[in-house]
Amino acid sequence: MDGRRNTIHVLMLPWLAHGHISPFLELAKRLVYRNFHIHLGSTAVNLTSVKKKIPEKFTDSIQLVELTLPSSPELPPPYHTTNGLPPHLMTTLKKAFEESRPNLSYILDTVKPQIVIYDYNQPWVAELASCRGIPAVQFLTVSATITCFNLFMYQKPDEAFPFPEINLRQFERNKIQELGDSQVGNVKESDRALAALTKSKNIVLIKTSREIEGKYIDFLSTICNKKIVPVGTLVQDPVIEDENKEIMEWLDKKEKNSVVFVSFGSEYFLSKEERLEVAKALELSQVNFVWVIRFPLTEKIKIEEALPQEFLERVGDRGLIVEGWAPQAKILGHPSIGGFVSHCGWSSTLESIKFGVPIIAMPMQIDQPLNARIVEAIGVGVEAFRDENGKLQDEEIAKAMRKIILDKSGEEIIKGSKRVSENLDRRGEEEINGVVEELVALCGEKVGD
């Protein structure tokens, strides 16, 4: 650790989703090695799982701080997280999060951080910090591409985005428009996101690398008039646990690059129709697979009931079904994995790129369609196309899987994935060191010679 200056105390406040908390925690680990002390705030239900992910060597330098949300019969404490949250309660959770202002004020006055790092939808956090003279910096866990695309469309709705490879199909555009127009406390989501970006002090941190999004980072900096500071991919180190040994032992028996890993993240649950299309595609493709299937907390469904009749018998040892959670980083790092059938959530996309695993893109919502376009634009994956109404098509999914695993036509994508992965490795600590310099400057500190 760097002992040439005083320790800087940082309060981090991610949105209440696992896909947001994990990047904040990974950033915290990297800052700790550079003489920062981190206070990571979230709700009790989230902190219970976060605690298990902090190695003992970090327990003195990363402190967990409980953020208390107003409780109600509709939103009891177990629902103070997006994990397993029934979709109709998402707006209720966002409202309760903002209503935690009094508790956050108490935390700020108690912890007395020198910097606050906040998430995409929290202008109120920046306001509470700024009125105490504490610089507040936004950390975006989404891509620079989706951020500059949305900001450009917000500023110039009648103009074409200057990068034609980044585009939305009509059914995707309709979904994003609905999300931007949705309201929490009479404020549109798009207005709230813009306010959060605007209130960030001088810089905006973003989970990406110039190797992947260089030109989009530069364009975002131009249109938001702030320095955009990439923090790197923040891919966590793979960890193997006893309960995951069955998966790894199954993979050990398969040939190199012969298996697709199928997972749609922790925030999206496939509909019955979507599950059937994926299942049919896996049968048609004839490739080996590990498929992670999740259900909302309120649904009690047996795996056998969720799949086509006798599906498990037909695929036999060619497939492994995992219910709930699987060690994604560990699986992607296994030599038998040759492709990742992914929803293209940004963290999952970066993990796959970091491990050099080609992506079979099946974007589902929010930023994922544009992430899928990035994947194709930089040559690290192929998208399984939907019909004009946005419906999944089993034959298209199977075709994309065969292209990566079985056909020679996918060789350029495989080479591209390895090349980008190697270039990321060469960057090493370059980007996180740039983050440290910016944060130290905001504190009025000087890095020692």
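For the sequence shown, position 190 (counting from the first letter as 1) is numbered 190 according to the UniProt record's numbering, and the numbering increases by one without interruption.
All C-beta atoms in this analysis are idealised placements derived from N, C-alpha and C, irrespective of residue type, glycine included.
**Request:** In angstroms with no decimal places, state the Cα-to-Cα distance between residue 265 and residue 353.
**Result:** In the sequence shown, residue 265 corresponds to position 265, counting from 1. In the sequence shown, residue 353 corresponds to position 353, counting from 1. Rounded to the nearest angstrom, the two C-alpha atoms are 16 Å apart.
**Prompt:** When DSSP labels each residue in this structure, what does residue 1 get in the three-state scheme?
**Reply:** The residue you call residue 1 lines up with position 1 of the sequence shown. Interpretation of residue 1 is limited by its pLDDT of 46, a score under 50 that renders its predicted location unreliable; the figure taken from the coordinates is listed afterwards. Reduced to three states, the DSSP call for residue 1 is coil.
**Asked** Which word fits residue 294, buried or exposed, when buried means at least 16 other C-beta atoms lie within 10 angstroms of its C-beta?
**Response** For the purposes of this step, residue 294 is taken as residue 294 along the sequence shown, with counting starting at 1. Per the 10 Å Cβ criterion, buried.
**Item:** Residues near residue 226 in its chain [Cβ-Cβ closer than 7 Å; skip 5 each side]
**Value:** Walking along the sequence shown from the start, residue 226 turns up at place 226. The residues are 200, 202, 203 and 204.
**Message:** If the criterion is Cβ atoms closer than 7 Å, does the pair residue 228 and residue 247 meet it?
**Reply:** On the sequence shown, position 228 is the one that residue 228 refers to. On the sequence shown, position 247 is the one that residue 247 refers to. In this structure, residue 247 does not lie closer than 7 Å to residue 228 by Cβ.
**Item:** Those runs of the alpha helix (DSSP H) which lie wholly inside the stretch 192 to 253 and span at least 4 residues
**Value:** 210 to 224 and 245 to 252
**Request:** Starting from the N-terminal side, write out each stretch of the beta strand (DSSP E) that is 3 residues or longer and does not extend beyond the stretch 384 to 422.
**Result:** Along the length of the stretch 384 to 422, whole beta strand (DSSP E) runs at least 3 residues long do not occur.
**Request:** Tell whether a beta-carbon distance below 7 Å holds between residue 145 and residue 213.
**Result:** Stepping through the sequence shown from its first residue, residue 145 is reached at position 145. Stepping through the sequence shown from its first residue, residue 213 is reached at position 213. Cβ distance < 7 Å, so residue 145 and residue 213 count as in contact.
**Prompt:** Within 10 angstroms of its Cβ, does residue 448 collect 16 or more other Cβ (buried), or is it exposed?
**Reply:** Locating residue 448 in the sequence shown gives position 448, where the first residue counts as 1. A caution first: residue 448 carries a pLDDT of 36, below 50, which makes its placement in the model unreliable, though a value can still be read off. By the 10 Å Cβ count, residue 448 comes out exposed.
**Request:** Over the uninterrupted alpha helix (DSSP H) stretch that includes residue 155, give me the two end residues.
**Result:** As a first step, residue 155 is located in the sequence shown; it is residue number 155 there, counting from the start. Segment 144 to 155, the alpha helix (DSSP H) holding residue 155.
**Prompt:** Excluding sequence positions up to five away, which residues of its chain have a Cβ less than 6 Å from the Cβ of residue 261?
**Reply:** Here residue 261 is taken as the residue at index 261 of the sequence shown, counted from 1. Shown here for residue 261: same chain residues with a beta carbon closer than 6 Å to its own, the five before and five after excluded, namely 290, 331, 337 and 340 in chain order.
**Asked** Can you name the residues that DSSP bridges to residue 63?
**Response** Position 63 of the sequence shown holds residue 63. According to DSSP, which records beta bridges pairwise, residue 63 is partnered with 39.
**residue 253, buried or exposed, once every other Cβ within 10 Å from all chains shown has been counted against 16** = Taking the first residue of the sequence shown as position 1, residue 253 is located at position 253. Exposed, because fewer than 16 other Cβ atoms sit within 10 Å of the Cβ of residue 253.
**Prompt:** Apart from the five residues just before and just after residue 269, which ones in its own chain have a Cβ nearer than 7 Å to its Cβ?
**Reply:** Looking up residue 269 in the sequence shown gives position 269. 294, 295 and 296, listed in sequence order.
**Message:** In chain order, what are the residue ranges of uninterrupted beta strand (DSSP E) at least 3 long that sit wholly in the stretch 299 to 383?
**Reply:** Runs of the beta strand (DSSP E) inside the stretch 299 to 383: 319 to 323, 337 to 342, 359 to 361 and 381 to 383.
**Environment of residue 316 [buried if 16+ CB atoms lie within 10 Å]** = Looking up residue 316 in the sequence shown gives position 316. Residue 316 is exposed by the Cβ-count criterion.
**Item:** Limits of the unbroken alpha helix (DSSP H) element including residue 97
**Value:** In the sequence shown, counting from the first residue as 1, residue 97 sits at position 97. Taken as a continuous stretch (DSSP letters only), the alpha helix (DSSP H) holding residue 97 covers 90 to 98.
**Message:** According to DSSP, simplified to helix, strand and coil, what is residue 122?
**Reply:** Numbered from 1 along the sequence shown, position 122 holds the residue referred to as residue 122. Looking at residue 122 - three-state DSSP - the assignment turns out to be coil, as it is neither helix nor strand.
**Prompt:** So who's on the other strand from residue 291, going by DSSP bridges?
**Reply:** Residue 291 sits at position 291 when you count from the first residue of the sequence shown. Answer by DSSP bridge pairing, in chain order: 262 and 321.
**Prompt:** The beta strand (DSSP E) spanning residue 269 covers which residue range?
**Reply:** Numbered from 1 along the sequence shown, position 269 holds the residue referred to as residue 269. Annotation: residue 269 is outside any beta strand (DSSP E) and is labelled neither H nor E by DSSP.
**Asked** Out of 142, 125, 115 and 131, which has the shortest C-alpha to C-alpha gap to residue 442?
**Response** The residue you call residue 442 lines up with position 442 of the sequence shown. Among 142, 125, 115 and 131, the Cα nearest to that of residue 442 belongs to 115.
**Message:** Taking a contact to mean a Cβ-Cβ separation below 7 Å, would you say residue 70 touches residue 298 in this structure?
**Reply:** Indexing the sequence shown from 1 puts residue 70 at position 70. Indexing the sequence shown from 1 puts residue 298 at position 298. Against a cut-off of 7 Å, the Cβ pair of residue 298 and residue 70 comes out as no contact.
**Message:** Could you check whether residue 384 and residue 360 sit closer than 7 Å to each other, using their CB atoms as the reference points?
**Reply:** Numbered from its first residue, the sequence shown carries residue 360 at position 360. Numbered from its first residue, the sequence shown carries residue 384 at position 384. Yes; because the gap between Cβ atoms is below 7 Å, this pair is in contact.
**Request:** Output the distance between the C-alpha atoms of residue 44 and residue 23, rounded to the nearest integer angstrom.
**Result:** On the sequence shown, residue 44 is found 44 positions in, with the first residue counted as 1. On the sequence shown, residue 23 is found 23 positions in, with the first residue counted as 1. In a straight line, the C-alpha of residue 44 is about 18 Å away from that of residue 23.
**Residue closest to residue 219, alpha-carbon to alpha-carbon, out of 170, 391, 300 and 150** = In the sequence shown, residue 219 corresponds to position 219, counting from 1. Of 170, 391, 300 and 150, the residue nearest in Cα terms is 150.
**Item:** Extent of the continuous beta strand (DSSP E) run through residue 139
**Value:** For this step, residue 139 is matched to residue 139 along the sequence shown. Unbroken beta strand (DSSP E) run through residue 139: 136 to 140.
**Request:** Could you tell me the distance, in whole angstroms, from the CA atom of residue 41 to the CA atom of residue 12?
**Result:** Mapped onto the sequence shown, residue 41 falls at position 41. Mapped onto the sequence shown, residue 12 falls at position 12. Each residue's Cα considered, the two are about 6 Å apart.
**Asked** For the stretch 231 to 239 against the stretch 149 to 169, are there 3 or more C-beta pairs whose distance is under 8 Å?
**Response** Under the three-pair Cβ rule at 8 Å, the stretch 231 to 239 does not count as touching the stretch 149 to 169.
**Item:** residue 323 versus residue 278 - alpha carbon distance
**Value:** Here residue 323 refers to the residue found at position 323 of the sequence shown. Here residue 278 refers to the residue found at position 278 of the sequence shown. Residue 323 and residue 278: Cα-Cα distance of roughly 15 Å.
**Item:** Straight-line gap, residue 89 to residue 58 (C-alpha atoms, nearest Å)
**Value:** Within the sequence shown, numbered from 1, the residue matching residue 89 stands at position 89. Within the sequence shown, numbered from 1, the residue matching residue 58 stands at position 58. Approximately 34 Å, taken between the alpha carbons.
**Asked** By how many angstroms is the C-alpha of residue 208 removed from the C-alpha of residue 433?
**Response** On the sequence shown, position 433 is the one that residue 433 refers to. On the sequence shown, position 208 is the one that residue 208 refers to. Near 14 Å, if we compare the C-alpha coordinates of residue 208 and residue 433.
**Message:** Once DSSP output is grouped into helix, strand and coil, what is the label at residue 52?
**Reply:** In the sequence shown, counting from the first residue as 1, residue 52 sits at position 52. If DSSP states are grouped into helix, strand and coil, residue 52 belongs with coil.
**Message:** Using 8 Å for Cβ pairs, my map puts residue 171 next to residue 389. What's the rounded Cβ distance?
**Reply:** Along the sequence shown, one-based indexing puts residue 171 at 171. Along the sequence shown, one-based indexing puts residue 389 at 389. Right, their Cβ atoms sit about 6 Å apart.
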